[in-house]
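The C-terminal position of the sequence shown is numbered 1340 in the working numbering, with every residue numbered one higher than the one before it. C-beta atoms are modelled at their ideal positions from N, C-alpha and C, and glycine is treated no differently. Take a look at the structure set out below.
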Amino acid sequence: MMQTCFCFRAALLALPGVLLVPRIEADPAVFDAHLAKDPEGQSAFTFDVSDYEGDLSSLPIGVFDSGIGGLTVLEAILTLDTFHNENLKPGPDGRPDFENERFIYLGDQANMPYGNYAKAGKTDFLRELILKDTVFLLGNRYHQDGEIRFDKPPVKAIVIACNTATAYGFEDILAAVKRWKLPVIVVGVVEAGARGLLKASEEGAIGVLATVGTCESGVYPKTIQSTLGLAGRGVATITQQGSPDLAAVIEGDPTRTVTVKEQVALDVRRLVENHRSSQSGREIKPLSKIVLGCTHFPLVEKEIDDAFTALSKDPGLAPFIAPERHYIDPAEWTARQLFQELASAKLRRRDSPADTERDLFFLSVANPAPDSTGSDGRLNPDGSLTDAYKYGRDPGQFIEDTLVAPMTRTILPEAGRKLVSEKLPAVWTRLGE
Ligand code: DGL
């Protein structure tokens, strides 16, 4: 059923350094009207409001991304040991900080890349997708073997393990949990990543590598400047570079023909060249701090650093690259922030989960077309959504054109399986066969 569009109000947000950027706020009425029709959470994109009464501390923590890239954030959470578990003081104690917690992961693979919706003029639709991810984590409903099941537990915290989703949806999720009166914690990777810069020297310039959407939103420059400003630092020099392809290449998307090394070389060159243009006529500040502003990029940090080293042999670019680069991986800072917020809300789980309480992983897939050949133009021959369909959609339609189903080792595409098994061992051991 078609409903009215997801509308926006523009407001102005002041930034340190007198910059004014439009800030867009979603009209929540359409989503709220949909939820109000089914407060027991039986239908798609709804949740059972009664799940949020009483003590939530034994509920799992929800983590979502547009695909499997957010598993890098989950890996950072699972392996974090920067606090004493008993007295909460800073410092490792040899025990994982989240040792008693259980996790629910959602990768919205069928609708990715999120980074390309802005370019297609579909930011409003992306924002609705992000709220749908949130509601999935809050709810009980999923699909398995052609049936709808309702045995997924709700969550006490939501980690937006996607830079693009944080850029476009963080404020919407915060506002939504407030409106829905849910005592649920919300943590996004961008703010945490900006805080990571506080540990780095003030010398030199900051480079942000992210998706095109994240760069277009301006969220990193805005958040970095305000985070540094609040800490009493001066205005930083920041250059961004959005890559429409690198995340897909890292994930092994069969439609991409370049290697990771080739794509990284191209994106790093563009960043340095952009930085050179932005520095023209000024005292040169070389790129010394690189924010890996897309979930996938920490997986290729070495290739990125090698690309900077190779480019610094070019005399035209060398002055714009610091001899040593410091990399900021927002994942680790997100994990720290999650721990601190759970602790201050007294939502840490004290007892160990029972053996039956496993972590759960989910992935969205395109809802198979009635005509499985996909001749209605909605599906590619491999069953994925066509770009024309994917980027042609409008918000306000609560139809299940994608379904959320359990993610297992076997269901992961070969490249994804290799990536998780080789680079994310803590996640791999928790992922079922
Ligand atoms: N996970 C996304 C991010 O961190 C990148 C992939 C996408 O564009 O969906 O921005």
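- The three-state secondary structure of V1311, taken from DSSP, is strand.
- When the alpha-carbon of A1017 is set against those of A1273, P1320, D1283, L1338, the nearest one is in A1273.
- Note on L1319: 16 or more other CB atoms within 10 angstroms of its CB, so buried under the neighbour-count rule.
- Pairing P1260 with E1123, the inter-Cα distance amounts to about 42 angstroms.
- For T1130, the CB stays at least 7 angstroms from every heavy atom of the ligand DGL.
- With contacts defined by Cβ atoms closer than 8 angstroms, F1010 and L1036 do not form a contacting pair.
- When the alpha-carbon of A1072 is set against those of L1013, K1088, F1057, G1046, the nearest one is in L1013.
- Between V937 and G1022, the gap from beta carbon to beta carbon reaches 8 angstroms or more.
- Beta-bridge annotation (DSSP): E947 is paired with D955.
- Distance from the CA atom of G1103 to the CA atom of G1076, rounded to whole angstroms, is 21 angstroms.
- Per the C-alpha coordinates, the member of G1028, T1293, A1322 positioned closest to D1308 is T1293.
- Distances between the C-beta of Y1012 and the heavy atoms of the ligand DGL are all 7 angstroms or more.
- Annotation for M1019 indicates a beta carbon within 7 angstroms of some heavy atom of the ligand DGL.
- Distance from the CA atom of S1251 to the CA atom of R1183, rounded to whole angstroms, is 44 angstroms.
- Distances taken from the Cβ of H1203 to the heavy atoms of the ligand DGL include one shorter than 7 angstroms.
- Taking the Cα positions, P1313 is about 21 angstroms away from T1202.
- Measuring C-alpha to C-alpha distances from P1226 to each of L1338, P1193, D1000 identifies P1193 as the nearest.
- With a cutoff of 8 angstroms on beta-carbon distance, V1207 and V1179 are scored as not near each other.
- By the Cβ test, the region 992-1003 is not in contact with the region 1038-1051, since fewer than three Cβ pairs between them sit closer than 8 angstroms.
- Judged by the Cβ position, T1071 qualifies as a neighbour of the ligand DGL at the 7 angstroms threshold, a heavy atom of the ligand being closer than this.
- For the ligand DGL, no non-hydrogen atom lies closer than 7 angstroms to the CB of G1290.
- Using a C-beta cut-off of 8 angstroms, the region 936-956 makes no contact with the region 966-973, since fewer than three inter-stretch Cβ pairs fall below that distance.
- Its Cα nearest to that of D1289, the residue P1275 stands out among P1275, V1091, G1114, Y1298.
- For D1174, the Cβ stays outside the 7 angstroms cut-off from all heavy atoms of the ligand DGL.
- Around the beta carbon of V1165, a 10 Å sphere encloses fewer than 16 other beta carbons of the protein chains shown; the residue is thus reported as exposed.
- Under DSSP, V1093 takes part in a beta bridge, and its partners are I1065.
- Taking 8 angstroms as the cut-off, the beta carbon of E1264 is found no closer than this to the beta carbon of I1092.
- In this structure, the beta-carbon distance from G974 to D1015 falls below 8 angstroms.
- Rounded to whole angstroms, the separation of the alpha carbons of E1078 and Q949 is 26 angstroms.
- In this structure, R1300 places its C-beta atom within 8 angstroms of the C-beta atom of F1032.
- Taking the Cα positions, L1331 is about 11 angstroms away from G1323.
- A Cβ-Cβ separation of about 6 angstroms places V1198 in contact with I1113 under the 8 angstroms criterion.
- Assignment of V1165 by DSSP, reduced to helix, strand and coil, places it in the coil class.
- Just measuring C-alpha positions, the residue of N1007, D945, T1216, D939 sitting nearest D1266 is N1007.
- G1303 is bridged by DSSP to nothing; it lacks a bridge partner.
- Around V1062, the same chain offers L966, P967, I968, G969, I1011, L1044, L1045, V1091 as residues with beta carbons nearer than 8 angstroms, after the five sequence neighbours per side are excluded.
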